[in-house]
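Under our numbering, the first residue of the sequence shown carries the number 51, and numbering increases by one thereafter. A quick write-up on the structure given underneath.
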Amino acid sequence: MEATKYIWMSGKLVPWADAKVHVLTHSLHYGTAAFEGIRMYETAKGPAIFHLKKHMERLIFSAESLDMKLPWSLDQLCDAAVELVRENGLKSCYIRPIAFYGFGEVRVLPTNCPVEVTMAAWPWGAYLGDDPARVIIVKTQRVHPETTVPGAKLSGNYINSMLSVREAVKGGYDEGMQLDAAGNIAEGSGENFFIVNGKTIATPALGSILPGITRASVMQLATDLGYKVEERAIKPEEAFSADECFFTGTAAEVTPIASINDKPMKSSPGPVTKQIREEFLKIVKGENPKYSEWLTYVK
Ligand SMILES: Cc1ncc(COP(=O)(O)O)c(C=O)c1O
Numbered sequence: 051m052e053a054t055k056y057i058w059m060s061g062k063l064v065p066w067a068d069a070k071v072h073v074l075t076h077s078l079h080y081g082t083a084a085f086e087g088i089r090m091y092e093t094a095k096g097p098a099i100f101h102l103k104k105h106m107e108r109l110i111f112s113a114e115s116l117d118m119k120l121p122w123s124l125d126q127l128c129d130a131a132v133e134l135v136r137e138n139g140l141k142s143c144y145i146r147p148i149a150f151y152g153f154g155e156v157r158v159l160p161t162n163c164p165v166e167v168t169m170a171a172w173p174w175g176a177y178l179g180d181d182p183a184r185v186i187i188v189k190t191q192r193v194h195p196e197t198t199v200p201g202a203k204l205s206g207n208y209i210n211s212m213l214s215v216r217e218a219v220k221g222g223y224d225e226g227m228q229l230d231a232a233g234n235i236a237e238g239s240g241e242n243f244f245i246v247n248g249k250t251i252a253t254p255a256l257g258s259i260l261p262g263i264t265r266a267s268v269m270q271l272a273t274d275l276g277y278k279v280e281e282r283a284i285k286p287e288e289a290f291s292a293d294e295c296f297f298t299g300t301a302a303e304v305t306p307i308a309s310i311n312d313k314p315m316k317s318s319p320g321p322v323t324k325q326i327r328e329e330f331l332k333i334v335k336g337e338n339p340k341y342s343e344w345l346t347y348v349k
């Protein structure tokens, strides 16, 4: 990971090496942080952040799911991200805002802990590599709506994702796919999941998954390209026999799936995944004016 010059900490840009917190930070002990992962791309009109507002809205939603009141408005958070990437002189990068309870008192309920927000940005390439991913359905079930808030991007939820990907990587796979309590496919440790059959594309319905911003963008894009898009329960057997499967995510972008549980997909990358991936990359690189409102250009 490549260090950049500055990290934004509660309104100030501080040198990368000085961006530190106290060891008794509440969120470090109890997983009570809300965070985001955002990408900025190089375009012909300069760097552009993909769906900046939507990511900051989700950050606020995630924080509010903990009753955490952010001391910064949506506009201030968006402006801070722009200032951060500009002052770091970045052309393309990953942006990581995190809102957390700082040091106040050590007890589970963070009554006297200050809310702090920081944001870092650094150059980052393909998350799952350039090759189609080899996926295994893991034993670790996806977090349940009765035990946490699966739709919020909370650091505590990522114990579940970490156990999932660790299980997969230990077994020699690239990524772990989690099922929900009903045995339906939920998602990857950091990606949403799609299956393709002819002109129909399906993705697991909301409930136990993170409502991915790339997922929503790909659903819109696929609809506009003339595909029928369904949000519904998907059993593993359906994925094994699908024409194609792929993952979406800010980090993973659109990543084709090569195999699930060692069963190779009929084609990978299949023609639909290829088309969606290409069109998605055109959008994020500012090459499709129809979706220009999805980008925030950094002047
Ligand atoms: C568990 C999980 N699911 C799905 C996603 C994809 O979400 P997005 O497209 O908003 O990055 C992510 C990445 O943030 C994730 O961590």
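Idealized CB from N, CA, C, for every residue including glycine.
Would the beta-carbon of S258 be found less than 6 Å away from any heavy atom of ligand 1? False, no ligand heavy atom lies under 6 Å from that Cβ.
Residues near I307 by beta carbon distance below 7 Å, same chain, minus five either side: Around I307, the same chain offers P182, A183, V185, C295, F296, F297, M315, S318 as residues with beta carbons nearer than 7 Å, after the five sequence neighbours per side are excluded.
Which ranges would you report for the beta strand (DSSP E) in the region 92-116 if only whole runs of at least 3 residues count? Annotation note: the region 92-116 contains the following uninterrupted beta strand (DSSP E) runs of length 3 or greater, listed N- to C-terminal: 98-100.
Please report how far the alpha carbon of V174 lies from the alpha carbon of Y223, in whole angstroms. Just to set this straight, residue 174 is Trp in the shown sequence, not Val. Those two C-alpha atoms are separated by around 22 Å.
Does the distance between the C-beta of E237 and the nearest non-hydrogen atom of ligand 1 fall short of 6 Å? Look at E237: its beta carbon is less than 6 Å from one of the heavy atoms in ligand 1.
E241 Cβ short of 6 Å to ligand 1 heavy atom set: Remark: the C-beta of E241 is in contact range of ligand 1, defined as less than 6 Å to any heavy atom.
Between which two residues does the alpha helix (DSSP H) carrying A232 extend? According to the DSSP assignment, A232 belongs to no alpha helix (DSSP H), since it is labelled neither H nor E.
I need the straight-line Cα distance from E137 to V348, nearest angstrom please. Taking the straight line joining both Cα atoms gives about 11 Å.
Classify L63 as helix, strand or coil using the three-state DSSP reduction. Looking at L63 - three-state DSSP - the assignment turns out to be strand.
What is the C-beta distance between Q191 and A231, in whole angstroms, given that I count them as a contact (C-beta under 8 Å)? Indeed they touch by this definition, with Cβ atoms about 6 Å apart.
Where does P147 land, buried or exposed, given buried means 16+ other C-beta within 10 angstroms? With 16 or more other Cβ atoms within 10 Å, it is buried.
Alpha-carbon to alpha-carbon, R108 and L116: Between L116 and R108, the C-alpha separation is close to 13 Å.
Restricting to Cα atoms, I'd like to know which of N247, H79, V279, V188 is closest to N234. For the residues N247, H79, V279, V188, the minimum Cα distance to N234 belongs to V188.
Could you check if T264 belongs to the surroundings of ligand 1, using beta carbon to heavy atom distance under 6 Å? Yes - ligand 1 has a heavy atom lying nearer than 6 Å to the Cβ of T264.
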